[in-house]
Structures are given as C-alpha cells and as structure tokens.
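Data first, discussion second: the structure below is written as structure tokens.
Numbering (the UniProt record's numbering), first residue to last: 1 to 285.
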C-alpha cells in the first residue's frame, strides 16, 4: 500500500485529482494522532486516518468534493462517539485539501503541424493532455510539462483509456483514422467536448457515414466540425490552434465540474460576428 506522500506524488504526476485529508486537531481518545494523513481519489484511498466510520465519512466528503469540482479547502469536526458509532469517544477535526484539480482532461489525436502548435497552448492552461499518434518521429523532442506522449500503433484503442468527461480533439493525418476515432468517441458518448478538424464538407461526409453505422443524429450533433472560434481567422497552424484553444477555454469555463457537456450551447459562448449582427439588424428593419 502506498503511503500518502508517494500516492499524492503519483496521482499528481498522472494528473488525477484527489483530496488530501489531514487530522489537524484531536480531543480525547482518537484512533490516530494530529498530523495523520490519507489521500482519496475518485476510485482509491491511500494511507489511513484511523479507519472505521470516520474514514468512511471522510471518503464520502472527499469524493463529493471531487465530483463537484470544488477547489476550496474544507474543515469539519467529528465526534467519535454515538454519532459515528466508534468507541474512542473523543473528537477530531479534519482538513480536506483538493489537490491536482484541473479544468479539463484533454486527448489530442495527431502530432501534425496543428497538433504541434496546439498542445503547448493547452499545456499552459490548467489542463492535463494526452497527446496520441502512431508516428514517433512527428513528436517534438521536448514535450511540454503536463503532457503525456503516447505512441500507439492503434490510436483508436486509446479511447477506452480516456476518463469520462474528457475533451477529445481529432486531427490526424488520415481521414479514415479520423472517422474510426470519431465513431469510437461518439460510441462512448461521455465526453465533455469533441472537436474534429476539417471543413463543412468533411462534416457532411462524416455525418452520412456515421448515420450509415447507426449513430443517432442527436449524438452526431455533439461533434464540433469545423471546430474552433470562427472569429479567429487564418490558416496558419498557430492561428488554427488559437481558435481551437479558445473554444476549449469557453467550454470548460461554462461546464467545469460537469461530467459531460452538450455541444449545442457552445455556440452561445462564442462571440457573435459583426456580419451576423448586421444580418439580424437588416432582417428586423
């Protein structure tokens, strides 16, 4: 079993949010002394603050904090008598500290020109990034901090490893691979955001092929293609990357703490162009 400090380091290295729980005060008889710590993630616990119902309640509180995305520290006092069913009879105060909480877990499929421009931008945000491609030579020598490089002969297989609520960005060198990745992402349908690089023509073709595979229209409509903020013009890789990063920021600011997000409200988060404003004005006259 990990001790709390090793577990915390490992979870933070993997970008997995957790809560550090510390006994900061003990009164009377308690199972462990002040300073004792444990780490609680969404699925695991590491070390102990004494076991029993106290630890169960601590796990419950910590996981509610993780599920809600709460990032504030939290203090709570527990009596260890009848209310918790423990025989110690004392009292203890616990400090709950969210650790490693990130705004978004992002998977970028493709290490081409746009991918190489986009990933450093995402890495500078409060995000954790998986960067996936089958071509080792396409990755730069220096991978930004907070980015996990994954060289996979079968990128589609990596979709099963993504956490629920992931932000998925598909921009590979191969349209057929883009289609297979799209189908796998939509099949899971538990993403917060899914963007596919390409034109409106590409979207129409993909929609037709996905419906032929039995995908419901409501699921297909969650796909952003073309993706990015339309107001950011330009065809340079960095211009496209800025447009996509802007849309990611708009989405996670609106939906942080939710497991999934509908693609439909994204348009409401983006600026209305002067052209569309002018069109509305003319129509009203």
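The beta-carbon is built from N, C-alpha and C at its ideal position, and this holds for glycine as well.
- Looking only at 37, 77, 42, 130, the smallest Cα-Cα distance to residue 166 is reached by 130.
- When the Cα atoms are used, residue 170 and residue 69 turn out to be separated by approximately 26 Å.
- Taking the Cα positions, residue 195 is about 16 Å away from residue 218.
- Cβ-Cβ separation between residue 117 and residue 238: approximately 5 Å, consistent with a contact (criterion under 8 Å).
- The beta carbons of residue 92 and residue 54 sit about 7 Å from each other, so the pair counts as a contact at 8 Å.
- The DSSP-derived three-state label of residue 223 is coil.
- Under the rule that a run must span 4 or more residues, the alpha helix (DSSP H) segments found entirely inside the UniProt domain "XdhC- CoxI" (12-77) read 52-68.
- Just so you know, the alpha carbons of residue 151 and residue 52 end up roughly 44 Å apart.
- 7 Å or more divides the Cβ of residue 146 from the Cβ of residue 17.
- By DSSP's assignment, residue 99 forms a beta bridge with 18.
- Bridge partners of residue 168 according to DSSP: 107, 194.
- Taking all protein chains in view, the Cβ of residue 204 is surrounded by fewer than 16 other Cβ atoms within 10 Å, so the residue is classified as exposed.
- Looking from the CA of residue 215, the closest CA among 232, 59, 187, 74 belongs to 187.
- Judged by DSSP secondary structure, residue 232 falls outside any beta strand (DSSP E); it is assigned neither H nor E.
- Between residue 241 and the set 132, 121, 164, the nearest pair of CA atoms involves 121.
- Here residue 79 is bridged, per DSSP, to 91.
- The Cβ atoms of residue 78 and residue 172 do not sit closer than 7 Å to each other.
- Nearest C-alpha to residue 157 among 25, 132, 4, 175: 132.
- Nearest C-alpha to residue 210 among 234, 40, 233, 178: 178.
- Residue nearest to residue 7 within the set 33, 26, 44, 24 is 44 (criterion: CA-CA distance).
- The alpha-carbon of residue 252 is positioned some 35 Å away from that of residue 35.
- Excluding residues up to 5 positions away in sequence, 38 lie with their Cβ nearer than 6 Å to the Cβ of residue 48 in the same chain.
- Just so you know, the alpha carbons of residue 220 and residue 168 end up roughly 14 Å apart.
- Going by C-alpha positions, residue 143 is about 29 Å away from residue 97.
- With respect to residue 102, residue 126 sits close: the two C-beta atoms are nearer than 7 Å.
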